[in-house]
Structure formats: C-alpha cells, structure tokens
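Participant: Before I ask anything, let me first share the structure, which is written out below as structure tokens.
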Amino acid sequence: MVGAAAALAEREMSDTITAVTLNLADYEIPAFTEDTAASVPDSVAAVRAIVAGADAIFMSSDEYTGAFSSVFRNAAGWLGQDVDGAGNLFQSKLITLCGAPTGGVGALRGHPALHQFLLELGANVYSQKFELGSTAKLLGPDGNLSPTVERQLREGAFAKLTEMPA
Numbered sequence: 001m002v003g004a005a006a007a008l009a010e011r012e013m014s015d016t017i018t019a020v021t022l023n024l025a026d027y028e029i030p031a032f033t034e035d036t037a038a039s040v041p042d043s044v045a046a047v048r049a050i051v052a053g054a055d056a057i058f059m060s061s062d063e064y065t066g067a068f069s070s071v072f073r074n075a076a077g078w079l080g081q082d083v084d085g086a087g088n089l090f091q092s093k094l095i096t097l098c099g100a101p102t103g104g105v106g107a108l109r110g111h112p113a114l115h116q117f118l119l120e121l122g123a124n125v126y127s128q129k130f131e132l133g134s135t136a137k138l139l140g141p142d143g144n145l146s147p148t149v150e151r152q153l154r155e156g157a158f159a160k161l162t163e164m165p166a
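Residue 63 in UniProt numbering sits at position 63 of the sequence shown, and the numbers go up by one each step.
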C-alpha cells in the first residue's frame with residue numbers, strides 16, 4: 001500500500017511531495033535496550049537518517065492481535081531516543097497513519113494503539129482509515145490504487161501532508 005501511495009504522490013503531486021519509501025524489513029535492527037543504545041549500528045543509523053530527512057511521514061503498519069508490529073515497536077526505540085545527538089526523531093513530526101484491512105477490520109484494529117504510541121513519542125498524528133471493506137479493493141488489476149483509495153488519499157493523508165508550512 002505504501003509503495004502504491006508513493007507512486008501516486010510522485011505521479012500527481014511531485015511539485016509538493018517527494019516520496020521516499022522505507023520498509024523496516026529491509027534493515028537488520030537489533031533489539032533496543034538502554035545498553036545497546038550506546039552503540040548505533042550502521043543499519044539503525046541509515047534508518048535514522050531517512051526519518052530525520054523527512055519533513056513528514058506517510059505510514060502504514062502491520063497489525064497483530066489488535067496492536068502494531070513488534071518490528072515497528074523495536075525500531076521506534078531506536079528512533080525515539082537520542083542515541084546519536086539528533087534527538088527524538090518523532091518529536092513534532094507529522095505522521096499520516098493509514099491502514100487497510102486484509103479481511104473485515106484487519107490493520108484498523110491496531111490503529112488506535114499505534115496512534116496513541118506515536119503521540120506518546122511526540123509525533124503529530126493524523127490517522128486515516130480507508131473505506132474499503134477489504135484490501136482486495138485496495139489495488140486495481142494494473143497494480144495501482146483503486147480510484148476510491150486515490151480519492152481518499154488525496155482528500156485525507158496527502159492533504160494533511162501538503163498543509164504543512166514550508
């Protein structure tokens with residue numbers, strides 16, 4: 001979903017949005033503890049650099065048993081703590097949080113917990129829930145977002161991202 005949304009932003013809003021995608025699964029991020037924070041691994045430094053360089057974040061997270069993924073929770077430890085002198089990278093960052101259900105309610109069950117968690121980390125969160133019914137309606141046969149989702153993104157998450165002062 002995030003990749004298709006990034007393609008939409010590049011195609012239709014390249015004058016106001018520069019899309020950079022980040023998939024935490026592509027990085028080996030060790031477990032965060034106060035002890036490990038003293039030495040920042042290269043993979044964590046790379047993720048921190050991407051997040052620090054973003055004016056805002058369009059985010060989707062997997063949902064597990066009514067909450068967000070442990071992969072994100074661990075990464076948030078590295079991103080939300082001042083492990084390299086750059087501070088808490090979530091502080092005052094606009095995050096548009098989106099999710100689409102895989103069947104029934106899917107990712108939407110984890111939204112409230114993730115929304116609250118991001119607020120606790122100091123982020124400014126806008127949460128958008130797509131009116132789909134299931135992710136089967138998320139993408140069209142061409143791999144692009146359905147017209148319904150595109151409209152919802154333009155009027156919701158993307159509109160919030162472009163309201164930000166320069």
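Ideal placement from N, C-alpha and C gives every residue a C-beta, glycine not left out.
Quantities reported herein were computed from a predicted structural model and do not represent experimental measurements.
(1) For GLU12 and ALA19, which I take to be in contact (beta-carbon distance under 8 Å), what is that distance rounded to the nearest angstrom?
(2) Are three or more beta carbon pairs between the region 25 to 42 and the region 65 to 85 nearer than 8 Å?
(3) How is THR33 classed by DSSP in three states: helix, strand or coil?
(4) Just the C-alpha distance for SER14 and LEU8, rounded to the nearest angstrom, thanks.
(5) Evaluate LEU161 with the Cβ neighbour count: other Cβ atoms within 10 Å of its Cβ, from every protein chain shown; 16 or more gives buried, anything less gives exposed.
(6) How far does the beta strand (DSSP E) with ILE57 in it extend, from its first residue to its last?
(7) At the level of alpha carbons, what is the spacing between SER69 and THR16?
Facilitator: According to the data block:
(1) As a working note, residue 12 is residue 12 in the sequence shown. As a working note, residue 19 is residue 19 in the sequence shown. Between GLU12 and ALA19, the beta carbon gap of about 11 Å keeps them out of contact (Cβ cut-off 8 Å).
(2) Because the criterion of three Cβ pairs below 8 Å is met, the region 25 to 42 and the region 65 to 85 touch.
(3) Within the sequence shown, numbered from 1, the residue matching residue 33 stands at position 33. If DSSP states are grouped into helix, strand and coil, THR33 belongs with coil.
(4) For the purposes of this step, residue 14 is identified with residue 14 of the sequence shown, where counting begins at 1. For the purposes of this step, residue 8 is identified with residue 8 of the sequence shown, where counting begins at 1. C-alpha separation (whole angstroms): 9 Å.
(5) Translated into the one-based positions of the sequence shown, residue 161 becomes position 161. Buried, by the Cβ-count rule.
(6) The residue given as residue 57 occupies position 57 in the sequence shown. Unbroken beta strand (DSSP E) run through ILE57: 56 to 59.
(7) The residue you call residue 69 lines up with position 69 of the sequence shown. The residue you call residue 16 lines up with position 16 of the sequence shown. Answer to the nearest angstrom: the Cα atoms are 30 Å apart.
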